[in-house]
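Input: a single structure, listed below in structure tokens.
See the structure below:
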């Protein structure tokens with residue numbers, strides 16, 4: 204959804220959060236919504252963006268209502284929620300900033316003999332998350348904080364949880380629930396789910412939640428609040444939010460996920476089509492999923508995605524052992540694994556893996572990192588009936604999602620990578636849209652590559668930043684190469 208005036212809306216919950224953002228704006232004017240909501244409209248110095256600031260109060264319901272109201276009235280190109288939160292991880296310090304890669308609404312579920320969570324989840328706008336990552340690379344975003352004698356806060360790109368309760372006890376029932384089912388979540392707050400859900404429903408308006416850490420959600424809140432950490436955290440979050448707005452290329456540059464995204468360097472520029480790469484004389488060696496883990500007898504067609512480092516590294520076993528558990532946390536936070544299923548962990552001499560074998564899914568889903576630095580993930584193709592379905596549009600979206608997931612495994616050194624794809628086994632699947640597959644009683648059985656595994660080999664190299672910035676385009680190219688294996692009319696038969 205695009206406006207002609209380059210408009211952005213920033214929401215806060217508490218007065219001190221509002222004041223922290225307001226102090227970084229200029230030329231403020233009051234704007235009243237017909238339903239009574241009051242905004243202040245101004246500019247971030249040095250930018251062309253017209254920024255609307257609003258305080259929604261505490262709670263997801265209020266955040267959802269006012270976010271929907273603001274989007275309908277202002278028609279912004281991006282929306283932000285900024286403020287304070289409680290930390291759920293020991294490596295997230297007071298005053299640090301958490302940029303939410305995903306927002307989980309943790310209160311949903313079903314109460315039987317044991318409470319079974321059914322969380323809702325919203326993913327951050329890829330473009331806004333990328334801009335935030337770019338900003339965080341340079342400590343300049345925190346210059347105003349440094350002038351106050353503070354150190355540069357650490358910026359964490361991790362999921363957050365949002366509910367209706369303020370957590371302030373290390374052993375509360377809610378804390379136990381979060382530890383058990385949301386182990387990858389770094390912070391907790393009370394508005395992000397309502398905000399993110401409303402932005403998603405209002406035409407996928409790009410949205411980002413940025414939080415400063417004011418307490419540890421462990422019973423020490425009164426002590427940290429009296430120590431001034433609410434103000435410190437609000438200032439950190441506001442500084443980061445304003446820095447991200449400054450770094451947006453221009454009014455119009457924050458619209459939802461373009462198919463050919465701009466590559467932002469020192470000056471804005473855009474590249475049409477596939478980004479420049481280096482074509483290799485020979486494909487890099489790949490450790491395919493079947494080699495990592497023996498196949499399962501009842502396993503259906505499975506999509507696997509790999510990033511192969513151009514220069515092989517050798518990760519120490521100590522780090523591999525840490526990665527074994529880190530893969531589980533990453534998988535849960537990125538919804539590869541559900542919050543309740545048991546995840547198997549494997550640590551071998553040359554790789555670490557986390558996976559689930561589930562007949563209800565039609566096979567295995569997992570993540571792996573080799574000692575040489577190869578990053579791998581896999582998941583079964585969807586089976587709306589009894590045959591796995593290879594839907595090109597759906598597959599392209601999944602490849603893009605899995606590439607982003609692999610790039611977020613920060614424990615492995617960043618370098619240049621060649622992507623690789625596989626469908627294995629590939630002798631028993633059909634190529635059609637999922638919508639058609641759900642209603643059709645006949646399917647064409649496609650035997651890609653004559654019935655064996657189908658592979659797209661890693662023969663083209665990009666640096667990690669280029670892949671990250673051009674994921675949709677690279678995913679499209681990889682999908683087209685994959686589908687070539689299923690285009691031979693003589694290699695099909697009706698089923």
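Residue numbers (the working numbering): 204 to 698. Where is the CB? At the ideal position from N, CA and C, for every residue including glycine. Bear in mind the structure is a predicted one, so any value in this text is a computation, not a measurement.
Below 8 Å on the Cβ atoms is my contact criterion, and I expect residue i with residue j to pass it. Report the Cβ-Cβ distance as a whole number of Å.
i: residue 397; j: residue 362; result: Going by Cβ atoms, the distance from residue 397 to residue 362 rounds to 16 Å, so no, they are not a contact pair.
i: residue 625; j: residue 658; result: 5 Å
i: residue 225; j: residue 243; result: 7 Å
i: residue 245; j: residue 230; result: 5 Å
i: residue 523; j: residue 550; result: 6 Å
i: residue 576; j: residue 518; result: 7 Å
i: residue 288; j: residue 416; result: 6 Å
i: residue 274; j: residue 405; result: 4 Å
Using the beta-carbon count (16 or more within 10 Å), is residue i buried or exposed?
i: residue 724; result: The structure shown does not extend to residue 724, since the chain is modelled only from 204 to 698, so the question has no answer here.
i: residue 599; result: buried
i: residue 570; result: buried
i: residue 232; result: exposed
i: residue 580; result: buried
i: residue 330; result: buried
i: residue 484; result: exposed
i: residue 435; result: buried
i: residue 527; result: buried
i: residue 393; result: buried
i: residue 683; result: exposed
i: residue 679; result: buried
i: residue 636; result: exposed
i: residue 241; result: exposed
i: residue 451; result: buried
i: residue 663; result: buried
i: residue 639; result: exposed
i: residue 328; result: buried
i: residue 521; result: exposed
i: residue 395; result: buried
i: residue 685; result: buried
i: residue 315; result: Here residue 315 scores only 42 on pLDDT, less than 50, and its place in the model should not be relied on; the value that follows carries that caveat. Per the 10 Å Cβ criterion, exposed.
i: residue 701; result: Look at the range of the chain in this structure, 204 to 698, and you will see that residue 701 is not part of it.
i: residue 681; result: buried
Near residue i, which residues of its chain fall below 6 Å by C-beta distance, leaving aside the five closest residues on each side in sequence?
i: residue 223; result: 437, 438, 441
i: residue 530; result: 557, 570
i: residue 358; result: 300, 339
i: residue 555; result: 523, 526, 527, 572
i: residue 487; result: 511, 621, 661
i: residue 546; result: 531, 540, 557, 559
i: residue 548; result: 527, 557
i: residue 265; result: 259
i: residue 513; result: 619, 664
Apart from the five residues on each side of it in sequence, which residues of its chain come closer than 7 Å, Cβ to Cβ, to residue i?
i: residue 489; result: 509, 511, 623, 661
i: residue 347; result: 442
i: residue 665; result: 478, 480, 619, 620
i: residue 506; result: 581, 582, 584, 598, 601, 626
i: residue 641; result: 587
i: residue 482; result: 662, 663
i: residue 628; result: 504, 656
i: residue 345; result: 355, 356, 442
i: residue 433; result: 219, 287, 417
Cβ of residue i within 8 Å of Cβ of residue j?
i: residue 414; j: residue 303; result: yes
i: residue 297; j: residue 391; result: no
i: residue 539; j: residue 568; result: yes
i: residue 542; j: residue 592; result: no
i: residue 561; j: residue 610; result: no
i: residue 400; j: residue 325; result: yes
i: residue 755; j: residue 606; result: The structure shown does not extend to residue 755, since the chain is modelled only from 204 through 698, so no value can be given for it.
i: residue 255; j: residue 295; result: no
i: residue 594; j: residue 574; result: no
i: residue 449; j: residue 247; result: yes
i: residue 334; j: residue 447; result: yes
i: residue 278; j: residue 236; result: no
i: residue 502; j: residue 566; result: yes
For residue i, collect the residues of the same chain with a Cβ closer than 8 Å to its Cβ; drop the 5 residues on either side in sequence, then sort them by chain order.
i: residue 403; result: 325, 410
i: residue 332; result: 302, 304, 360, 411
i: residue 533; result: 387, 539, 570, 608, 611, 612
i: residue 544; result: 559, 561
Following a CB-centred definition, is residue i positioned closer than 7 Å to any heavy atom of the ligand ADP?
i: residue 296; result: Within the structure as shown, the ligand ADP is missing, as the structure has no ligands at all.
Counting beta carbon pairs with one atom in the region 270-288 and one in the region 336-344, are three or more of them shorter than 8 Å? no
Quick test of the definition: if touching needs 3 or more C-beta pairs under 8 Å, does the region 290-307 touch the region 576-588? In this structure the region 290-307 does not lie against the region 576-588, because fewer than three pairs of beta carbons, one per stretch, are closer than 8 Å.
Mind the definition here: the region 260-273 touches the region 207-221 only if three or more C-beta pairs lie below 8 Å; say whether that holds. Touching, per the Cβ criterion.
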